[in-house]
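Each residue of the sequence shown is one higher than the one before, starting from -8 at the first, in our numbering.
Note that CB positions come from ideal geometry on N, CA and C, so glycine has one too.
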Amino acid sequence: MRRVALFGPPATGKSTLARWLSTVLNSPHTDLDDILFTPQGPLPLKEFRRQASLVTAADGWIVEGNYSKLADVVWHRADTLIWLDFPLPLILYRIIRRSLRQLAGREDSAQARRLTWSTAFFTRRSLLRTAIRKYRSNRPRYARQMAETAGRGVVVVRLRSPREVQRWKQRTAKELA
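This is the structure:
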């Protein structure tokens, strides 16, 4: 495990797991949101793909983000793909909890710097409504893409709960020791 792509819905612990993997594998960690969202606004897709491609050209890396449109430059270059596929009620609870922390100024991230009460909860494109819509539409597509990626020889790990993540981390830590 040297090149790891990690994805899943918001608030599933992608960053936490990516930072842990970065430490245990001694590989750099990149959050694709940090590439996409610049102070001048989101990058055009072509530039976003180019910069993601530069990150994944290295021998060892951990990349997190929900950008299946970058599958050819991230997922297919990985040796391990981790899908955090948690139940929707847990995701919604975590989105609400995290959004409240961010709105209170107790958490900083690319997303937190763009967050308002409306964008978190009330608009048509709020985090909550988007999470529900994308959960329903993306899961079947992700399952197909996982099968395609596994067919390319990439190890696919699908973790369906925080407990499964903890067990996987314990097994992985033992294997790497």
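Three-way DSSP call (helix, strand, coil) for residue i in this model
i       : result
Asp22   : strand
Pro35   : coil
Arg(-6) : strand
Phe113  : helix
Arg149  : strand
Glu55   : strand
Thr47   : coil
Thr169  : What is shown of the chain runs -8 to 168, which leaves residue 169 out entirely.
Thr29   : strand
Glu98   : coil
Ala141  : helix
Val65   : coil
Thr163  : helix
Ala168  : coil
Pro131  : helix
Between the CA atoms of residue j and residue i - distance to the nearest angstrom
i      : j       : result
Val15  : Thr140  : 24 Å
Ile53  : Ile86   : 23 Å
Leu167 : His20   : 18 Å
Phe77  : Pro30   : 31 Å
Phe112 : Trp11   : 30 Å
Arg115 : Lys125  : 13 Å
Asn129 : Gly96   : 30 Å
Met137 : Ala(-4) : 12 Å
Pro153 : Leu119  : 20 Å
Asp25  : Leu45   : 14 Å
Lys165 : Ser109  : 44 Å
Glu98  : Arg92   : 6 Å
Anticipated Cβ contact below 8 Å, residue i with residue j, distance rounded
i      : j       : result
Thr3   : Leu94   : That belief does not hold up - the Cβ atoms of Thr3 and Leu94 are roughly 20 Å apart, past 8 Å.
Leu150 : Ile73   : 7 Å
Gly56  : Arg(-6) : Actually they are not in contact, since the Cβ atoms of Gly56 and Arg(-6) sit about 14 Å apart, beyond 8 Å.
Ala122 : Pro33   : With 8 Å as the limit, Ala122 and Pro33 do not qualify as a contact, their Cβ atoms being about 19 Å apart.
So, do the segment 59 to 66 and the segment 39 to 47 have three or more beta carbon pairs nearer to each other than 8 Å?
yes
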